[in-house]
Amino acid sequence: MKKKITIRIKDPRLRRVRNELRKLLHEAESKEVIQKIEIQSKLKESPHFWDKEHPQYNSLRKEAQKLASEIDILETYYDSSIIKCPVCMRIDKDMTYNPVLKEWFCMECYEANRKFEIIQGKPDLYP
Ligand SMILES: [Zn+2]
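The following block contains the structure:
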C-alpha cells in the first residue's frame, strides 16, 4: 500500500467478528512461534549441538538456524500486519496504515506518534 488509510468499523457486531478473527490469528501466530522455540530448545539440550566434532553438529545447527529464520519471518509478518498495534499491542482497535513505515497503528497511537514526530522535526514519518 502506498498511501495512508484508516479502516474503521462502526457496527458493533462486525467489530466483534473482526476482534475475534484477530484474536484467532494472534493465537495461531503465538502457538506457531512457541512450538518452534520449543523445538529449538530441545535441539540445544542435545550435547551434540555443542560438540563441533560430532557428525550431527552441522545438521543440528542448520535446523536451529532454519527455525530461527522461520520465527523471524513469522514475527516480521505479524508485526507489520493489521492484527495488532505495535505501540499499545491492542488487537481490538480501528487501525491506520503508515505508508512510510509500512506498518499499521491504532488511530490513537498513530496520532500520538504523528504529534511526537512533528515536535522532533520529522513530520514526514507520519503523513
Ligand atoms: Zn495503539
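For reference, each letter of the sequence shown is one residue, going 1 to 127 in the numbering used here. All C-beta atoms in this analysis are idealised placements derived from N, C-alpha and C, irrespective of residue type, glycine included. This one's a predicted model, so the numbers in the text were calculated from it and none came from an experiment.
Just list the residues that DSSP pairs THR96 with in beta bridges. In the DSSP output, where bridge partners are listed per residue, THR96 has THR6, PHE105.
Got a sec: is the Cβ-Cβ distance from PRO86 to anything in chain C below 8 Å? Chain labels in this structure do not include chain C; a single protein chain is all it has.
Contact check, SER81 vs TRP104 under 8 Å by CB: the rounded distance? About 7 Å separates the CB atoms of SER81 and TRP104; that is less than 8 Å, so the two are in contact.
Please find out if some non-hydrogen atom of ligand 1 comes closer than 7 Å to the beta-carbon of ARG114. Incorrect: ARG114 has no Cβ contact closer than 7 Å to ligand 1.
Burial state of LYS42 (16 or more Cβ within 10 Å): Exposed, since its Cβ has fewer than 16 Cβ neighbours within 10 Å.
Report whether the distance from the Cβ of LYS62 to the nearest heavy atom of ligand 1 is below 7 Å. Not so, every heavy atom of ligand 1 lies at least 7 Å from the Cβ.
Tell me which residues share the same chain as ARG61 and place their Cβ nearer than 8 Å to its Cβ, disregarding the 5 neighbours each side in the sequence. So the qualifying residues of the chain are PHE49.
So which of GLN65, LEU74, PRO47, SER46 has the shortest CA-CA distance to GLU27? The residue with the shortest Cα to Cα distance from GLU27 is LEU74.
Own chain, CB closer than 6 Å to LEU21, minus 5 neighbours either side, in chain order: Closer than 6 Å at Cβ, skipping near neighbours: no residue.
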